[in-house]
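Numbering (our numbering), first residue to last: 5 to 477. For each residue, glycine too, the CB sits at the ideal point set by N, CA and C. From a predicted model like this one, the values you see are computed outputs, not experimental measurements.
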């Protein structure tokens, strides 16, 4: 279902009229979104202003990541030395940000705050961002890099400075969201620097359009080497997607296929027509199974075995039975837990011998699993359980190079949300920094990234795809 305010926002005349009349009518910016496979230079010709504190341990990584992706680095208050080699190698020499013509907008701001080690050093955030935030183009990006504040090697003062980045980035995301601009925080563990480049690139691309105000951690939790930037990184790999026939599941299947994967589309027998049509469209395979039935797990595993095993598993299938606790019958509670949680655990166990080393597992959690919701005790419990599952499971599979993560969508424009009462639908859309609902493709792009070789450093985490929702942690 289309969003009238977003459509009005596309019209420059309508925006000027609303502003001139002083109407209290928010017109969200139509977000720039990517389609098809990620190109070899996803940041081609984008102007990215780069700054840092006095110490900038991640600057060399940034220089390589940005120039390799085709960006034009503009340096503000940081040393150009780290950019000399990468700039020459990729034909993207860095230049001073002061050379940018007056009034010209930039595509992204990136700040290396990983060296900030005390309260006085936090002034560098103001020094860099205050002159530049007003010059970020619509649908632009802001990215702050730091260290995990729980690193035992940090002094108390440094831990405080690094922890300050959370509040700073979340607030900045809320300030800039009305322009369609996202702001995120990337925490890079010591020793994991080589794994961070791919995450930097993805967070700066139009594939992360509905991810804002989020911390992402890069670690050495999963064994393996960092992957080079490549087109169609899932080529010759098999991806299994449950609940694939409609909505987010179908969008995910298409996104994975676009990156080269052969997709096994799993859904209920009632969805045979849609699931089979999708599998045919993508050149994949189909398995019809009702995951509320424990016996169906063996059927899905058998279909995966027939394809020679799997590299990517996406647990998207889910159900709701919304009732307040006082009105909820036990069969409704059991139905939600059976599909949303027990089927995930059982299917993971069955697929474990078929999941190749270096594989990926992605679970669909929900913002409800983080913040809770009236009438959704069972649903929220199941989705919150998945957050704990991926955290623990990532430690079990890390030695095999397998990453395990969850994605927690906020308000997404689907067939289900189109059917909710208009007042609830409007509240869901507007209660976020970006002031609009996301699309199934937004969630699919996050899953496709987490399924890629470039996400080797991201494991055990829950990535919110919520437009900077005001609800939740």
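What number of angstroms, rounded off, separates the C-alpha of residue i from the C-alpha of residue j?
i: residue 27; j: residue 139; result: With a pLDDT of only 49 at residue 27, under the threshold of 50, the placement of this residue in the model should not be trusted, and no figure is reported.
i: residue 375; j: residue 390; result: 14 Å
i: residue 493; j: residue 343; result: In this structure the chain extends from 5 to 477, so residue 493 is not present and cannot be described.
i: residue 37; j: residue 193; result: 30 Å
i: residue 347; j: residue 52; result: 44 Å
i: residue 81; j: residue 405; result: 38 Å
i: residue 360; j: residue 241; result: 10 Å
i: residue 177; j: residue 470; result: 12 Å
i: residue 54; j: residue 112; result: 9 Å
i: residue 400; j: residue 92; result: 42 Å
i: residue 453; j: residue 251; result: 18 Å
i: residue 148; j: residue 265; result: 32 Å
i: residue 157; j: residue 121; result: 12 Å
i: residue 327; j: residue 394; result: 27 Å
i: residue 432; j: residue 245; result: 27 Å
i: residue 44; j: residue 137; result: 28 Å
i: residue 226; j: residue 127; result: 35 Å
i: residue 142; j: residue 308; result: 43 Å
Can residue i and residue j be called in contact, C-beta distance under 9 Å?
i: residue 440; j: residue 221; result: no
i: residue 65; j: residue 275; result: no
i: residue 238; j: residue 257; result: no
i: residue 321; j: residue 270; result: yes
i: residue 253; j: residue 318; result: yes
i: residue 153; j: residue 205; result: no
i: residue 373; j: residue 415; result: no
i: residue 150; j: residue 69; result: no
i: residue 352; j: residue 340; result: no
i: residue 249; j: residue 278; result: yes
i: residue 291; j: residue 268; result: yes
Would you give the residue range spanned by the alpha helix (DSSP H) that residue i belongs to?
i: residue 77; result: Note, residue 77: premise wrong, no alpha helix (DSSP H); beta strand (DSSP E) at 76 to 80.
i: residue 421; result: 419 to 422
i: residue 131; result: 127 to 136
i: residue 71; result: 63 to 72
i: residue 170; result: 160 to 180
i: residue 256; result: 251 to 262
i: residue 44; result: No alpha helix (DSSP H) holds residue 44; DSSP gives it neither H nor E.
i: residue 465; result: First-last for residue 465: undefined, no H or E at that position.
i: residue 197; result: No alpha helix (DSSP H) contains residue 197, which DSSP labels as neither H nor E.
i: residue 303; result: 300 to 310
i: residue 90; result: 85 to 93
i: residue 4; result: Since the first and last residues shown for the chain are 5 and 477, residue 4 lies out of range.
i: residue 333; result: Careful: residue 333 lies outside any alpha helix (DSSP H) and carries neither H nor E.
i: residue 296; result: Careful: residue 296 lies outside any alpha helix (DSSP H) and carries neither H nor E.
i: residue 284; result: 276 to 286
Which one or two residues does DSSP pair with residue i in a beta bridge?
i: residue 416; result: 442
i: residue 380; result: 327
i: residue 219; result: 189
i: residue 244; result: 268 and 317
i: residue 344; result: Partner(s): none; residue 344 has no beta bridge.
i: residue 116; result: 56 and 149
i: residue 291; result: 270
i: residue 364; result: 316 and 407
i: residue 212; result: Answer by DSSP bridge pairing: none, since residue 212 is not bridged.
i: residue 436; result: 473
i: residue 39; result: Answer is none; residue 39 lacks a bridge partner.
i: residue 110; result: 140
i: residue 99; result: 78
Output the boundary residues of the beta strand (DSSP E) element that contains residue i.
i: residue 142; result: 140 to 150
Please name the residue, chosen from the options, that lies closest to residue i on a Cα-to-Cα basis.
i: residue 410; options: 101, 455, 50 and 270; result: 455
i: residue 230; options: 461, 208 and 419; result: 461
i: residue 234; options: 46, 397 and 306; result: 46
i: residue 313; options: 357, 369, 79 and 225; result: 357
i: residue 387; options: 49, 355 and 345; result: 345
i: residue 444; options: 214, 102 and 106; result: 214
i: residue 181; options: 438, 451, 428 and 62; result: 438
i: residue 72; options: 86, 90 and 60; result: 90
Under the criterion of a Cβ to heavy atom distance below 8 Å, does residue i qualify as lining the ligand GDP?
i: residue 394; result: Among the ligands in the structure shown, none appear at all, so the ligand GDP cannot be discussed.
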